[in-house]
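Mind the numbering: the sequence shown is residues 2 to 413 in our numbering, read in order. Single-structure report; data block below.
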Amino acid sequence: MTHGPGEVVITGVGLAVPGASTPDALLRRTACPVTGPDPEPFDTAARIGRRGHRYKDRATRLALCAALEALRDADLLPSDGESDRPADGPADAPSDSPSDRETVMVPGDTVGVVASSNLGNLDTACLTTTAIAERSAVDLSPMSLPNASSNVIASWVAIRHGLRGPNLMLCNGPTSGLDAVHWGAALVAAGRVRRVVVVGAETHNAVVEDLLGRSAGELLDGAAALVVEGARWAEARGARGVAALGPYERRAGLTGCVEALLPDAAAPGVWFTPERYAEGPAGAVPVPRAVPRYDVTGAVGRASGALGVLQCVAAVGWLARAAATTGAEPVESAERVESAEPVEPDAGAGSGTAFGAGPGGARDPVPVSRQALITTGDDTADAVAGLLLRPTPDRSHPHPARAPLISMECSR
């Protein structure tokens, strides 16, 4: 079975949120929010150890926890966290790497990072500028100053795991998390890397609470991560995707975004709504009322830049539950012709970029009723993003052939 160069799947997920350790648990909490005392804050030390805490802010530690879980879930790290030789290339780091540098088992330059956080290091940036204004720069600790950089989360994820592919940090408002998923997939579809860790993280503190005018209990203190990977690269190393990425849209309003993703008023199997979405009058809602709705922020708090990634993790849980409930067989996609040239993704607004089909690909065989619709953004601010998540075609093979390199790939 060959794959189109733009076919992208999710091969790993990770969560670092209170009270939900798996996609299904996140889905359950979203469907039936727990009453009573809030769950205890996520213990980052239990996952990344005390050494992983040194000189890092809370949002970065949460992101490291989620990314570590996603990489292990994708079988890119051993379950025990010890370094090993890459599966498709030479070792990236010496075997005696320190425990806080868990190097991936594939060449580091085949893995990129795209992180999303609008408020993650806001406290560090504000406290740093305040200290300089009120006293002097000499009062600043050289150990904490790097945390004031806007790309600190993406950088630390890459440093910890030896990921040398493209490294991006998005701070793009309400759509930031879903935009991060899109750009991670775009890097894979364009042949820049074989796989990308996409992570969204936010935390609450006095500075964030004051800026947003909301209490800590209303805000997310957590992170979520995905590993998005070219389907043929995943098959080449014997990994199986848990979901496939469908088309992505970015439009000026929710209705236009949904109509572009679901032509002919098709009804998806589930709808993950924007944050605290308020239903309009009959006829004004872009998705049929019979479609189940989920708002993950009701379970974990207002998530800002982490929302889109959290929604994708919850959607993975829904797809797994739907397959188990219906007993549906894995979807078999039509044969696609592999091109030597990579797909150039259209990055423009409303591009409708689809990562599930290459040039000349057959019409997608997955019915819309088995797909998850994810939307995020502010309908009043001309910024709404949407994505369809689909069941993964079954192409696993006990001894897959190694996939060839494609042009533009930054890999040995």
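We put the CB at the ideal spot given by N, CA and C, even for glycine.
Spatial neighbours of Leu65 in its own chain (CB-CB distance under 7 Å, excluding positions within 5 residues in sequence) are listed in chain order as Ile49, Gly53, Trp157, Val158 and Arg161.
Around the beta carbon of Ile11, 16 or more other beta carbons sit within 10 angstroms, so the residue counts as buried. Using a C-beta cut-off of 8 Å, the segment 116-128 makes contact with the segment 162-172, since at least three inter-stretch Cβ pairs fall below that distance. Within the same chain, Ser117, Ser118, Asn119, Ser151 and Gly306 come within 8 Å of Cys172 by CB-CB distance, once the 5 residues on both sides are set aside. Remark: C-beta atoms of Thr31 and Tyr278 do not approach each other more closely than 7 Å. Assignment of Thr45 by DSSP, reduced to helix, strand and coil, places it in the coil class. Contact between the segment 200-220 and the segment 306-316 is present: 3 or more CB-CB pairs across the two stretches fall below 8 Å.
In the DSSP assignment, Glu230 falls within the unbroken beta strand (DSSP E) covering Gly223 to Gly231. CA-CA distance, Pro264 to Ala68, rounds to 35 Å.
Just so you know, the alpha carbons of Ala17 and Thr23 end up roughly 9 Å apart. Between Ser370 and Gly270, the gap from beta carbon to beta carbon is short of 7 Å. Rounded to the nearest whole angstrom, the C-alpha separation of Pro392 and Glu210 is 38 Å. Gly302 and Leu212 have their C-alpha atoms roughly 16 Å apart.
The continuous beta strand (DSSP E) containing Gly201 extends over residues Arg196 to Glu203. Straight-line measurement puts the Cα of Thr45 at about 19 Å from the Cα of Gly13. Excluding residues up to 5 positions away in sequence, Asp39, Pro40, Glu41, Pro42, Phe43, Asp222, Gly223 and Val301 lie with their Cβ nearer than 8 Å to the Cβ of Pro19 in the same chain. By a beta-carbon distance limit of 8 Å, Ala261 contacts Arg252. Their separation comes to about 6 Å. As the crow flies, the alpha-carbon of Ser80 is around 18 Å from that of Ala235. With contacts defined by Cβ atoms closer than 7 Å, Gly299 and Pro34 form a contacting pair. Ala245 and Arg51 have their C-alpha atoms roughly 36 Å apart. In the structure shown, the three-state DSSP call for Asn148 is helix.
Between the alpha carbons of Leu179 and Gly257 lies a distance of about 17 Å.
Spatial neighbours of Leu390 in its own chain (CB-CB distance under 6 Å, excluding positions within 5 residues in sequence) are listed in chain order as Ala244, Ala316 and Ala373. With contacts defined as CB atoms closer than 7 Å, Ala60 and Gly121 qualify as a contacting pair. Bounds of any beta strand (DSSP E) do not take in Leu120, whose DSSP letter is neither H nor E. For secondary structure counted as the alpha helix (DSSP H) over 4 or more consecutive residues, the segment 6-33 holds these complete runs in sequence order: 24-32. Taken atom to atom, the span from the alpha-carbon of Ile375 to that of Thr274 is near 7 Å. For the 7 Å CB-CB criterion, Glu276 and Gly387 do not form a contact. Under the rule that a run must span 3 or more residues, the beta strand (DSSP E) segments found entirely inside the segment 253-282 read 271-273. One thing to note: Val229 has its Cβ within 7 Å of the Cβ of Gly185. In this structure, Pro289 keeps its C-beta atom at 7 Å or more from the C-beta atom of Val259. In the structure shown, Arg55 falls within a coil segment according to DSSP collapsed to helix, strand and coil. Membership of Val286 in any alpha helix (DSSP H) is not indicated, and neither H nor E is assigned to it by DSSP. In this structure Thr176 is buried. Its beta-carbon is surrounded by 16 or more other beta-carbon atoms within 10 angstroms.
Bounds of the alpha helix (DSSP H) holding Thr298 are Thr298 to Val301.
Bounds of the alpha helix (DSSP H) holding Ala207 are Ala207 to Leu213.
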